[in-house]
Every structure is written in structure tokens, then in C-alpha cells.
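Report on the structure given below.
Residue numbers (the numbering used here), protein chains in the order written: chain A, 1 to 754; chain B, 1001 to 1393.
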């Protein structure tokens, strides 16, 4: 102390305080600042940005699915998603109450739902409702700016600070249940679950966009600064199917009718372009509403399920029913093809020249194979028949011997070549996978018994798509095609991205063998078990099939496979009816007429010119000459000369209108109604019951009622034909001169039970 | 000298200070106040918008107090320290009374119910912290007392020191009872530093520093015996990943804000972290927003301005013709400097989060008013100082 004066000591102390303050305290502060801001700065900046940036996914519009003529079968529309911010609400009961009261009625959800979501106060965004449509969204947008507490000046919160509307998309299927098994549907997340939607999900879904905005820390919605990057969502690829909307409708209509009429468990139809393998129509029943896939479409089934009281059982039954309707049986199901497979046996035998058309066989009603007797469906036997006749009769013993002549190895070679041991490769999901030992006998186990039963289509399982593909190979001169259902991928401006090229998997038989087999199949339809598949004006080649399910006596699969026209095949068609339970079970009886009806509609649509045989021409059909504008006398003589009955209505001198119109094809003794007076009201008539009649009986009754008749099904002069269906309902009132289509079928020699 | 002063005695007991004020110091105060106000506005408008729907809410209030504070500063600068000296015992008495009263009549602030720091001025909606007044009161009293006892200090060294320490500990303890640890620490540090400058033997301070360091270490090691709130803050400070009660949220957001600023900053008004990420960006953590918007360079410039202010304040103190005046100015400048450095240490994570505001910057009207009044007292002393008022050193 003594060394320093008080003043010096005081100055020294003050200086030491200020120096410690500056160097130690501020030094530490500056050091900390340098460390955080300069050394660790990048790390903290990255953390800050991660915290600030709000990344919103923008759903890409899903690609459109078109039919081959660019009709929209599936499209996506804009909908919205409504989110709530529980974090912002916190524990504010008043705010929650206001929100619940306002939102529940607008969004049409229970107050409970909102309250439950609002509990998660650590979340800043929870979805309240998805798939909100425009009207609801507009209604909601209108209140977003409203204050929660109108009269309370101190509380300025608006609904918009708790609610967020986010764009989303929803899948629409304009034709509801149309082609349901082909198209499939998407889940709530817009991911395809079945059908094309599943198979082509990655094409259809597009690339989602992103919107990255820096937002504030509380609401995560108010943008801050100018940072915003936006990546547009890329719309999914559009698909153009090979399916033709018109053909699909024809196929669905007829198959559905059979499904209902025959009280079947299931029914399928596939119509394929034989030259390319393109599927033009594909139906699988039960079908369902694509816009509401969860609802069981079969009313009886739905009722049955709703009556199940046990909860687990109910859930199980519901699940089963849903899966049942969602399954595309044409590709996912397998069945015993029965006699349709004889086409393959015949093709192989002819190709290998182990038989010829002149080969004969005498059927006695059964044949002994190894230790067992296999009987023919005609117990008294078919007698002696040549090869064509054998196919026409669908004679089982004959085809067993044909198979045996080929031998196991050769037969198996063709069985394999026709594609029955592999998937067809169609671009649809869950195609049934053939497996040796389960769906077919492997070559190692292909003994005489297995050979014999497979030769006529028993003890083997195939899928409908395999059968129709194999039939197409016979039709197109021996080329086994890969079936496909997506024709083109196009972008949003309909620029073609890629086109599916038909793929020939292999040549399975020679063109000449194919021609021969086609000829035999044509005979099956003209005069054999397939006669109900006959279509006037078109040469149909076909084969019936009826198989009893293995181990399930009394349960059958009835089928008819065909293609037309026989001289230049365009389309192949297979109809299968699973477990018909209305009394009729033979493919020739119940499946062939369905095919005939479809082909009758489809062939003209495909612009295949009908070629009437002379017999056909002579018997019934002729086109009506046009007589509008002519005098009554001239008209009457023109029409009478052509053989028509003439009915004149009105007191005028000239014809103003005629029914049927010019060039319509009606039976030769049909009625032509001529209207001569504007004031003459349309004459009506009551449609008579035309079911259960022969052609001539039906014709007579129809003409008497002032209606024209159109005959559908089977060859014309057959005395054994009886009508089973009519296009205009009996008892309904229609205009005079209308045409009623009457469907005929033969009940003689059309069964082919194996 | 006495006769000259008499002329300035207007009200009988108030002596007017004559001479010119130290322009350097005055300019530094005004620069810091200006920057502080601008930054307070920039930092606060997002949270003001969120809380009150009025972006100018905090700024308007702060600006009003700043204006009042400037008036107070020039008023104080005209009062001669001799007059101030007469009020030193009253200042201490008022301070202690307020510290006691606040423990019973404190104002509850929403979301900070456990704190007993604020009092309301009766008849107004203005709140203030008695601890802010106590800091000045203690400085004021100690400056007088240490001058008054300067000769006894040499004789009855440790006994007097114990008396001072008891007073300081008493006040510090009262503040601690407000649930205001940082205030208690500040009062303690200011008081002890004042006694050091008063001339007690250095060895006590060395012993004291060692003891405090040991206590600090023990507090950190044995932190489970401390109140939960403090323990959580220490835990969060030591381990950035330890955050059970979100205690680190504010410091983490602060570090992100500072890091985002980089060398040059995002630009004035461009902070993103102030948008409801950093809680209460207008208060204790305002410096984080300063760093984000003005960058390292801007932040360093502001720190240097503070250092310059502190330095100039000590120059004024050293050159004052009176020990009371010198000690008072040094005490005030130590308070400003220490608080600033501590605040920046907290904001940058060097120290645990304690709740120390940044002078001139942090929102708080009465606090700003107090600081400016203190600056006025420094300016008053500068009027009779011998320094060359146009030369920084």
C-alpha cells in the first residue's frame, strides 16, 4: 500500500475492472459469437431452414384411362383435403367449441370427429376430411376469413388460422360398373388396387409436385420472406385400352343376362382380336360400381351378409364378397375347360398327322382306359363317325383315342405350345399361374389315364384368357399371341408415348392345320353341339364345353369358345358360366347362345359384311325398299312384289313415313306400315308372347300383331328350334311395324358332357 | 469553488451542474439507443402481430419510453453529483422497500406466473422491476459510502467488508426471492465490484473469486439440488440434446438465428427466426435477431460500441474530481458492460439461459428509462470532469 498513493491505487483498481470487463466478459461474448456465427454458422443455418421450410406435396393428377376410341373410362377430378391445426387451438375450449359448431355442419362430419382430432395438440396439421368436392370447399373457403368471436374486439382470430385446405384428386369412373373387372379402382391414397389401375399404377400416378415455402413458427402456414420454390406436379400417363366401349357393352350385357338367367355363381366373357391378341371386351361377373367398390353389388348377397349377426363372421363374409366382385375371373380364375380343349387335341393330332379328316371311330358309349371305364356323354354311343363328326358330337371316346395316338410326349408338347403351362403375360394383375401337379399333370406324371382325361378337357385347369388365346391361335393360322389390354400410352396432350406392338409368342400349328380345324369347328356350329352359336350372315367356328367340377357333383362350368368369320377370322370369343343353377348346364345350351348374341351385335359393329347363304337369303331376310314420297298405289305394288304385307294408315295420297325405314332388313313376309297423313297418330300394337315357339309360329304371330320379326340364333331351317327370348317385352305397347328380335336355340344334340 | 456553485443552487437543495457534457459519451448513447430502437422494432413486429394484431405494439411503447428517457437523461445531467450524493441513503432505502414490497404486491404476467419481479405504478398500467431500481440504488449508496469510509476501509478492512457484503447479500437475496436469479447475480457482482473499487484488500477478492468458482462448479455438478427450473437450464446448456421440458427451445432457436446471419447478415428486417420461432425475440434474445439481420460484422460493431461506451464511461469516472462521482459512474458503467457481455454470452450459448436483458435493445420501458437516467448521471459527472471532451481517450 505504501508504495502506491491512494489515488494511484484507485486508478489501478478501476482500470483492472474495466480491463477484466472488456477482455474477459466481452472477450467471452465475442468468442461465443464467433463460434456460433462463423464456425458453426452453416450448421445452424441449415437447422433454421429445415425448421422454417414447409414442404407441401401436391398430388399429381392421375392419368386418364380411355377406351380405344378415346372415351374416358376413368379420370381424376380436383377435390380438396381439409386439415385442422390442433397445436394452434391448444387447450382453448372456447375456440374449439366455435370451430366444432362451425365446421361439423359444413363438412358433414360429427362434432366428435373434430374434437378427437383436436386433442393432438402437439400436431400442427391433421386431416379432418378428404375428397371434399368443389361445393363444400367453396362453402368452407367463404368462412375462413370470419372471426371466431364477432363481438369481442380483443380476439381477432379467424377460422382460417385453424383450418387449411389442401388440393387433392379423386378418381371418377363415368360409367360406374362398366368394365369394372378390367379397370379396377384406387384406394383413398389414389394408389391402384385392382385391374389396370394396379398394373399401370406407376404410369398413371405421375410425379407429385412440391411447394416449399418458408413459414412462421406457429401456424406453419403464413409465408415469411420471399423464399418459395415450386415444383409442378407431373400428370400421370394416360392409357388407351384395346377395350372398345361398344363391344364391351355388348359382351357385358349378354354375359350379365346369362349370369342372371342361369343363376350362376360367376360368368365371364372375353372377346379378342385374333390377329393381335388385343382384348376388345372383357367381362367378369359379379361386377361392381367402381365409384363405390366397397359396397357389395349383388343385392341378394349384400342382404345375406347384412343378416349375419356374428361380428367376425360378418366381416369375413363381407371381405369374401368384396374380393369376389373385385376379382377378374377371366385372368385370375382357373376352370376345367371340358370339351373346348378338344380343339387343341384335334389341332395337335392333325398337325402330327396321327389322324386325318377321314379317320373314323365307332363310339359305343364308353371306352376302357387302363383299369377304368370312361363313358361318353351320349350313353347309347355316337356310332361310327369321322373326325369332323367326332368334334361336332364332342365324342369323348373318340378324342381319348386321338390323344392316345399322339402319346403323352407329343400331346404335352402341344399343350405346352398352346400356352397352358404358362401365364399368357396379359398386362393385368394377378393372372393365374399354372403349376405342374396342381393345375395340370407334368410330363413326368403324364400317364395314359392323365393323357386320356386331358385329351377331352378333364383333370386340367386353365384360365379363360389362356383358352381364348389358344383359340385365337387356331383362328389366325397358328400364331400364339400375347394378349394385351393397353394399346397406347399417351401424354396429357394425347401425344403418343408408346404403342403396344402385338407379340407372336410362337407358331404352334401350321396354317393348313389351323384351316382344317377351323372347318371342323364351323361344322360344330352349323350342325353339331355348337349350333346355338350360329349367327345369321356370319360363319362362326366354335366349340362347346361342359365340365363337372372335380369332386363337386352337380356343379358344372358351361362354356363356348368360338371365332368368326370362319373364312377370315377377326375375333375370338369365350363365354364361361360357372355353376349355373337354373336347370340347364350344358355349354351348347346356355353359353353358345350368349356368344351368338354377342357376335350378332359385334360383327356388324366391326364392319364385317354379313354374307348370307342362299338358303338364308331365300328364307327370310330382305331389305325394305324406300317408298316415302311415292303414291300409295306405287308403294303398295312395290312392297307386295317384294312379298311384304302392307298396312296403310291415314287418308293421304302419298306416303309420308314408313316403318320399318328404307334398307332395314326384315323377314320377307313382314309388315311395312305406311303413314299418309300428318294428323294420323302413330298406330300402336301390343307385343305378343313369342317364347317357346318355332320360327314359323313366331313369325305368324308377330306379323298378325303388326310387328316384324328378326330371327337370332342357329341355322334357319332347323325344325328343332324353339324361341327362348325376345327383345321387346311381351305385353308392352309399341309402334306398329317395329322389329322384335326373337332368339332361337336348339335343344337337340347340343350337350357334350364329358 | 463553493461560491461558484451557490449561484447554480436553484431550489435550495438542488445544485445545477455546469460545464459541457462529454459529447463522445452522449453520441455513443444516442447511437446505441437509435440502433436498439430500430432493432427492437424489427425483432418484435412479427410477435406483436401474432399476439396483438398490431405490428407496432412494442415499438410504440418503447419509443415513448425512449423519448421520456432522453428527457430524463438531460435532466439528470443537469443535476450536480453533490445533490445526488445527498440522496444516496434515500435511494438505498427506497430500493430495499420496493424489493420487499414486490414480494407481496407483484404483478402476475401471463405465462410467467411463478415470477414476482414486476410491480405496477399505482394508477397506471406501467409495470417496472424493483430490481432495476435496486441496482442503481446499490451503486448510488455504495459510491457514497465507500467515499465516506475511504479512510476507515484501510483501517478496519475485513470488518467493514463483511458489513458491505451483508448488505449486498441481503439485497441480492431479496431479488433471488423474486425468482430472479440473474438479477440476484447482477446485484451481487455489481456490489462486490464496487467494494473492490472502494479499496479493500485484493486478497479477499482473490479468495472470493476462488470460492465463487468452486460454488459454480459444485452448482453445476450437484445441480439436482437446485430448483428444477434452474437445473433444467443448466442441463440444457451442458447438453444440447437434453431437452425434456423444451428448456432449450429458445436457445436453440437463438443459435439458429445467429447461424443464419453469417458474416454479413440477411439484411435489416429480413430475419426469419423472429417469425414465431424464437420466442419473445424482442426481449432477452433480441441480440440473436441482430446477429441474423446484421451478421457477424454488424453484431461486432454493436459490441464495440458498447465497449467504447463502457470505456468512455470509465474515462469519465477516472477524471472526475470526486471519489463519489467516480465510483458511481464506474458502477453504472460496470452494470451496463457486465449486463451486455452476459446477455451476449447467454444468447450465444456460452452461459446458461438466465434472463438478462440487453441495455438499449431489449423491450422494457421502465428499464430503458432507468438506463437513460443513469446515462444522465454519467453525463452530469462528465460536466465537471477534467477530460478533454473532444478526445475519446
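C-beta: ideal position from N, C-alpha, C; glycine also.
ask   = If you draw a straight line from the C-alpha of residue 2 of chain A to the C-alpha of residue 1148 of chain B, how long is it?
value = In this prediction, residue 2 of chain A scores a pLDDT of 49, lower than 50, which makes its location untrustworthy; no coordinate-derived value is stated.
ask   = Do the stretch 1267-1287 of chain B and the stretch 1361-1368 of chain B touch if we need at least three Cβ pairs shorter than 8 Å?
value = yes
query = Hey, is residue 14 of chain A's beta-carbon within less than 7 Å of any beta-carbon in chain B?
reply = yes
query = Is residue 566 of chain A closer than 7 Å to residue 584 of chain A when the C-beta atoms are compared?
reply = no
Residue-chain proximity (residue 1259 of chain B, chain A), Cβ-Cβ < 7 Å = yes
Integer Cβ distance of residue 415 of chain A from residue 465 of chain A, believed to fall under 8 Å = Rounded, the Cβ-Cβ distance is 16 Å, inconsistent with contact.
ask   = Thinking just about the alpha-carbon of each residue, which of A:126, A:546, A:274 is nearest to the one in residue 503 of chain A?
value = A:274
query = So which residues on chain B does residue 149 of chain A lean against when the C-beta distance must stay under 9 Å?
reply = Simply none; closest approach about 13 Å.
request  = Report buried or exposed for residue 1225 of chain B, applying the criterion of at least 16 other Cβ atoms within 10 angstroms of its Cβ.
outcome  = exposed
message = Rounded to the nearest angstrom, what separates residue 327 of chain A and residue 358 of chain A at their Cα positions?
response = 45 Å
message = So, for residue 600 of chain A: in the same chain, excluding its five sequence neighbours on each side, which residues have a beta-carbon less than 7 Å away from its beta-carbon?
response = 535, 712
query = At a Cβ threshold of 7 Å, is residue 1345 of chain B touching chain A?
reply = yes
request  = Could you tell me whether the Cβ of residue 123 of chain A comes closer than 7 Å to any Cβ of chain B?
outcome  = no
message = On a Cα-Cα basis, can you pick out the residue from A:515, A:241, A:189 that is closest to residue 196 of chain A?
response = A:241
ask   = For the alpha helix (DSSP H) that contains residue 744 of chain A, what are its first and last residues?
value = No alpha helix (DSSP H) holds residue 744 of chain A; the beta strand (DSSP E) holding it covers 739-746.
request  = Give a yes or no on whether the C-beta atoms belonging to residue 264 of chain A and residue 598 of chain A are separated by under 7 Å.
outcome  = no
ask   = Looking only at its own chain, which residues have a Cβ that is under 6 Å from the Cβ of residue 663 of chain A, when we skip the five neighbours before and after it?
value = 623
ask   = Is the CB-CB distance between residue 533 of chain A and residue 595 of chain A below 7 Å?
value = yes
ask   = Beta carbon of residue 488 of chain A, beta carbon of residue 474 of chain A: below 7 Å?
value = no
query = Ordered along the chain, which non-local residues of its own chain (more than five positions away) have a Cβ less than 6 Å from that of residue 173 of chain A?
reply = 74, 290, 291
request  = Pull up the CB-CB distance for residue 114 of chain A and residue 128 of chain A, whole angstroms please, since I reckon it's below 8 Å.
outcome  = 6 Å
Endpoints, beta strand (DSSP E) assigned at residue 363 of chain A = 360-363
message = For the stretch 311-328 of chain A, list every residue whose C-beta sits within 7 Å of some C-beta in chain B, in sequence order.
response = none
request  = Just grab the DSSP bridge partners of residue 66 of chain A for me.
outcome  = A:72, A:240
message = 7 Å is my cut-off, CB to CB: does residue 45 of chain A come that close to chain B?
response = yes
request  = Measure how close the beta-carbons of residue 478 of chain A and residue 510 of chain A come, nearest whole angstrom, since I'm counting them as under 8 Å.
outcome  = 6 Å
key: For residue 1189 of chain B and residue 1328 of chain B, the rounded distance between their alpha carbons   = 15 Å
inquiry  = Can you look up residue 395 of chain A in the DSSP assignment and give me helix, strand or coil?
reply    = coil
request  = Give the straight-line distance between the Cα atoms of residue 610 of chain A and residue 739 of chain A, rounded to the nearest whole angstrom.
outcome  = 19 Å
request  = Please state whether DSSP places residue 119 of chain A in a helix, a strand or coil.
outcome  = coil
inquiry  = Counting C-beta neighbours from all protein chains within 10 Å, is the total for residue 810 of chain A 16 or more, i.e. buried, or is it exposed?
reply    = Chain A is shown from 1 up to 754; residue 810 of chain A falls before or after that span and cannot be answered.
message = Just to check my reading of the structure: residue 1344 of chain B and residue 32 of chain A have Cβ atoms closer than 8 Å, yes? What is that Cβ distance to the nearest angstrom?
response = 7 Å
message = Which same chain residues end up closer than 6 Å to residue 341 of chain A when comparing Cβ atoms and leaving out the 5 residues on each side of it in sequence?
response = 457
request  = Flag this pair as touching only if the stretch 45-56 of chain A and the stretch 1257-1264 of chain B have three or more C-beta atom pairs under 8 Å; answer yes or no.
outcome  = yes
Within chain B, partners of residue 21 of chain A - CB distance below 8 Å = 1310, 1334, 1337, 1338, 1341
request  = Would you verify that the beta carbon of residue 8 of chain A is, or is not, closer than 7 Å to some beta carbon of chain B?
outcome  = no
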